[in-house]
Amino acid sequence: MNCVAVIYKPAGLSSSDVVIKCRNALSKALGRKIKCGHTGTLDPAAEGVLVLGFGKLTKLFDYVQKERKRYSAYFTFGKETDTFDREGVVVKENDFYPDIKEIKKALKTFEGETEQIPPAYSAVNVNGVRAYKLARKGEEVALPAKKITIYSIGIFSEYCDEYGRTAEIGLDIECSSGTYIRSICRDLAKKVGAIAYMSSLKRTACAGFTEKDAVPLDKFLRDPLNNVTEEKDALLKLFEFAGVDGETAKRLKCGQTVNFDRGNVKNKKFVATCDGEILGICAADGGYIKLETHLWNSL
Numbered sequence: 001m002n003c004v005a006v007i008y009k010p011a012g013l014s015s016s017d018v019v020i021k022c023r024n025a026l027s028k029a030l031g032r033k034i035k036c037g038h039t040g041t042l043d044p045a046a047e048g049v050l051v052l053g054f055g056k057l058t059k060l061f062d063y064v065q066k067e068r069k070r071y072s073a074y075f076t077f078g079k080e081t082d083t084f085d086r087e088g089v090v091v092k093e094n095d096f097y098p099d100i101k102e103i104k105k106a107l108k109t110f111e112g113e114t115e116q117i118p119p120a121y122s123a124v125n126v127n128g129v130r131a132y133k134l135a136r137k138g139e140e141v142a143l144p145a146k147k148i149t150i151y152s153i154g155i156f157s158e159y160c161d162e163y164g165r166t167a168e169i170g171l172d173i174e175c176s177s178g179t180y181i182r183s184i185c186r187d188l189a190k191k192v193g194a195i196a197y198m199s200s201l202k203r204t205a206c207a208g209f210t211e212k213d214a215v216p217l218d219k220f221l222r223d224p225l226n227n228v229t230e231e232k233d234a235l236l237k238l239f240e241f242a243g244v245d246g247e248t249a250k251r252l253k254c255g256q257t258v259n260f261d262r263g264n265v266k267n268k269k270f271v272a273t274c275d276g277e278i279l280g281i282c283a284a285d286g287g288y289i290k291l292e293t294h295l296w297n298s299l
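1 is the number of the first residue of the sequence shown in our numbering; add one for each residue after it.
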């Protein structure tokens, strides 16, 4: 069975915890073991959309990783933690709150392609060791900056204290994969001369799926078979489809590169089908295509 489950992950569970629970539930319902993997980690403290692939759709990981993601985040000013979120230990504290006009001005500088330094408490590999493991030992972690893209970032909520000062803001952020929202919090606070930490985080969209598509974890665990997205519907969220004839299908299955006119298919990655059968994900180069990820003859 090849399918996708769009789970609304609750805060407090790791992405791996959710994978194990959902894999066990669907395996039990099917009466056999099935492979399962998530298509993009969501921090334990965060909640929201977590896309799981089952069967051969675990192969979607590399494709989904490149897709845009959207978050709803709250940044609280006046405190800073070592992890830059509410899970960490407070390391700085003051009573300075930035002006909302300065915050809005600073936010404009974040849009577009930029470089971002991941937080020390992250899963980035440092000589084969996770950065957060080194940070927990008290070791200084210097991580290199990496390119990210922030497509849009804007304030949807502002909380002022009794003196009318901006104590907390809610942000809607659409960004590329690999973006650390905690780092945005750190960098925004620095730009306005303040300190802050990320007090909550929710992923609202991932790989074309939104909160409306997501099923609460407990609901999925109770009835997994009726809470999955079938293979075709899942692939349609990510790719265009193009039909091929029987001879072309045969050659693609044999791993051959085939001359093929894609017609109205614009993207270089698309799903090839033949007589209703999904063959897999094709990569196009010039006038030629090759099956990059095969999904045919699935069990």
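For glycine and all other residues, C-beta sits at the position ideal for the given N, C-alpha and C.
Keep in mind that this is a model prediction, so the values were computed, not measured.
For residue i, name the three-state secondary structure that DSSP assigns.
| i | result |
| --- | --- |
| residue 247 | helix |
| residue 132 | helix |
| residue 109 | helix |
| residue 299 | Only weak support is given to the placement of residue 299: the predicted model assigns it a pLDDT of 40, under 50, and the question is left unresolved by the model. |
| residue 85 | strand |
| residue 14 | coil |
| residue 259 | strand |
| residue 67 | coil |
| residue 266 | coil |
| residue 176 | coil |
| residue 55 | helix |
| residue 93 | strand |
| residue 150 | strand |
| residue 143 | coil |
| residue 42 | coil |
What residue range does the beta strand (DSSP E) around residue i cover?
| i | result |
| --- | --- |
| residue 282 | 277-285 |
| residue 5 | 3-9 |
| residue 291 | 288-294 |
| residue 208 | Run containing residue 208: none; DSSP gives neither H nor E here. |
| residue 254 | Premise fails: residue 254 is in no beta strand (DSSP E) and is neither H nor E. |
| residue 37 | 36-38 |
Per the DSSP calculation, residue i is bridged to which residue(s)?
| i | result |
| --- | --- |
| residue 74 | 170, 200 |
| residue 159 | 168 |
| residue 242 | 272 |
| residue 49 | 8 |
Would you give the residue range spanned by the alpha helix (DSSP H) that residue i belongs to?
| i | result |
| --- | --- |
| residue 117 | It is not in any alpha helix (DSSP H) - residue 117 carries neither H nor E in the DSSP assignment. |
| residue 314 | The chain is shown from 1 up to 299; residue 314 falls before or after that span and cannot be answered. |
| residue 63 | 61-64 |
| residue 185 | 181-191 |
| residue 219 | 217-222 |
Less than 8 Å between the C-beta atoms of residue i and residue j, yes or no?
| i | j | result |
| --- | --- | --- |
| residue 179 | residue 148 | yes |
| residue 117 | residue 150 | no |
| residue 254 | residue 69 | no |
| residue 287 | residue 267 | no |
| residue 98 | residue 77 | yes |
| residue 227 | residue 219 | yes |
| residue 111 | residue 146 | no |
| residue 231 | residue 57 | yes |
| residue 243 | residue 282 | no |
| residue 278 | residue 295 | yes |
| residue 213 | residue 6 | yes |
| residue 224 | residue 42 | no |
| residue 2 | residue 55 | yes |
| residue 119 | residue 183 | yes |
| residue 72 | residue 208 | no |
| residue 59 | residue 293 | yes |
| residue 217 | residue 4 | no |
| residue 168 | residue 199 | yes |
| residue 241 | residue 215 | no |
Exercise for the section: Decide if the segment 7-17 is in contact with the segment 39-46; the criterion is three or more beta carbon pairs, one per stretch, under 8 Å apart. Expected result: yes
Problem - Any 3 or more C-beta pairs closer than 8 Å across the segment 184-195 and the segment 91-106 - result: yes
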